[in-house]
Amino acid sequence: MASLPPQEPAELLETVACLSVRKLRMEIQHLRLPLGVEGTYGCIRHPGAALAVPVLADGRVVLLRQYRFAVQRRILEFPAGTLEAAEAPQAAMERELQEEAGYCAMRWDFLGLLLPCPGYSDEVIHLFLARNLQPLATPVAADHDEDIEVLLMAPAELDAALASGAEPLDGKSVTAWFRAKQLLGLH
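Okay, structure coming up:
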């Protein structure tokens, strides 16, 4: 998979305001863009994240139905999580797969990078395909504020859910499923 193209930094003229919440930082800055235009822009600074498409030996995928406070509903998504300080993306994903879904994977394939919201965030998500899954003998404690139901779906079921629009699915999961299907040879 290709890496991201090189950055073309804007010139920082002034930091107007900052707000830090948990692992995120909202910055409002007056910038001069590379094309010479000046303006005030808001950006959410994010430490990065990782996501895995976990596939069982029988071909079913492991999904989560997780409550998300920002949209005030449960959505279907693949296991994912924010990187801890100095944590490698695959190590973060191995941890999240255990905490959120109760599995460990013996095979990992990199599916590329995703910029989910480049209009207002610098977040980069590292996408993986996780295979040769084994359920954990003893569950790992999840984050105290996570409300998660683990689901197993056949690829055709997931495709039908996507096509129908009946099940809310987040964009990072749709992109990761598209890339995983390419690697798995699914159509």
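Residue 993 is where the sequence shown starts when you use this note's numbering, and the numbers rise one by one after that.
Glycine included, each C-beta is placed from N, C-alpha and C at the ideal position.
| According to the Cβ coordinates, are L1128 and Q1090 closer than 8 Å? | yes
| Hey, E1076 and Q1058: beta-carbon distance below 8 Å or not? | The Cβ atoms of E1076 and Q1058 do not sit closer than 8 Å to each other.
| said: I'd like the list of long-range same chain contacts for L1150, defined as Cβ closer than 8 Å, with 5 residues on each side in sequence excluded. | reply: In its chain, beyond the 5 residues on either side, V1053, L1055, W1169 have a beta carbon closer than 8 Å to the beta carbon of L1150.
| task | Grab the span of the beta strand (DSSP E) containing L1143 for me, first residue to last. | result | 1140 to 1145
| task | Give the C-beta separation of L1023 and I1036 to the nearest angstrom, bearing in mind that I take them to be a contact with Cβ-Cβ under 8 Å. | result | Not confirmed; about 15 Å, so no contact.
| Going by Cα to Cα distance, which pick from T1074, L1178, S1165, A1097 is closest to D1135? | T1074
| field | Helix, strand or coil at G1111 [DSSP, three-state] | value | coil
| request: With a floor of 3 residues, list each beta strand (DSSP E) that falls wholly inside the stretch 1014 to 1080, ordered by position along the chain. | output: Here the runs fully enclosed are 1016 to 1024, 1030 to 1037, 1041 to 1046, 1053 to 1060, 1065 to 1069, 1072 to 1074.
| said: Using the Cβ count rule (16 or more neighbours within 10 Å means buried), how would you classify H1146? | reply: First, the residue type needs correcting, since residue 1146 is Ala and not His in the sequence shown. A1146 counts as exposed, since fewer than 16 other beta carbons sit within 10 angstroms of its beta carbon.
| field | Backbone secondary structure at E1000 - three-state DSSP | value | DSSP places E1000 in coil when its eight states are reduced to three.
| request: Can you give me the start and stop residues for the beta strand (DSSP E) that G1182 sits inside? | output: Look at the range of the chain in this structure, 993 to 1179, and you will see that residue 1182 is not part of it.
| message | Rounded to whole angstroms, what is the Cα-Cα separation between C1096 and L1125? | response | 6 Å
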